[in-house]
Amino acid sequence: MTRFIRWLACAVLAFSLAACGFQLRGTAGSTVHQMPFGSVYLSGGDGSLKPYLRTALRRQPHVTVTVSAKDAEAALTITEEKVSKDILTINSAGKVNEYQLIYRVTARLSQRGVAWGPDMTVIVRRSLGYSDSAILGKEQEESLLWNDMRRDAAEQLVTRLGYLKEAPGEHAGTQP
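Quick note on numbering: the sequence shown equals residues -21 to -1, 1 to 155 in mature numbering (1 follows the signal peptide of the UniProt record, and there is no 0).
Here you go:
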């Protein structure tokens, strides 16, 4: 009898989650926008963002990342990558208490050399608490934050690409 009640409780939970619209990320029927291209070539940048972009693009349905520009319908070029580490707060002794990490990426989508609208810029910010007594731990935390910021920037770029609908040359003055 208790096995039946457990099974019934699991079924009720599953049906209630389905009824409220819950979906796992990346599942079919989600709110992922259809990309305006079927294949894309990645170029430019120093290479630190490319693995994250490649992963984010491969998660998109019906999109392949090519190894050569001639095989791709579109080319995504990272035109600028900037990182900065600014002092956010200081304590009463004048020592740094917190830093702000800023990662800025500018990318251009083009098809056969024609820009697909204006350049897209993504800015990701994170704060990093700092202590002189835990320098090694803070260096590792900073490294993890930079990687997380690159992953977040890649996801934001791919999301913006999903909203592009027009072919190159048409309404080139609108922001994606």
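Yeah, the Cβ is synthetic: ideal placement off N, Cα and C, and Gly gets one too.
On a CA-only basis, which of the options is nearest residue i? Give me that one, please.
| i | options | result |
| --- | --- | --- |
| residue 107 | 78, 40, 25 | 78 |
| residue 35 | 132, 121, 142, 143 | 132 |
| residue 103 | 91, 92, 129 | 129 |
| residue 28 | 141, 110, 57, -10 | 57 |
By the 10 Å Cβ neighbour count, where 16 or more other Cβ atoms means buried, how is residue i classified, buried or exposed?
| i | result |
| --- | --- |
| residue -18 | exposed |
| residue 99 | buried |
| residue 136 | buried |
| residue 82 | buried |
| residue -21 | exposed |
| residue -6 | exposed |
Tell me where the alpha helix (DSSP H) around residue i begins and ends.
| i | result |
| --- | --- |
| residue 52 | Unbroken run through residue 52: none, as it is neither H nor E. |
| residue 115 | 114 to 142 |
Is DSSP giving residue i helix, strand or coil here?
| i | result |
| --- | --- |
| residue 46 | coil |
| residue 27 | coil |
| residue 108 | strand |
| residue 72 | coil |
Could you tell me the boundaries of the beta strand (DSSP E) in which residue i lies?
| i | result |
| --- | --- |
| residue 89 | 75 to 90 |
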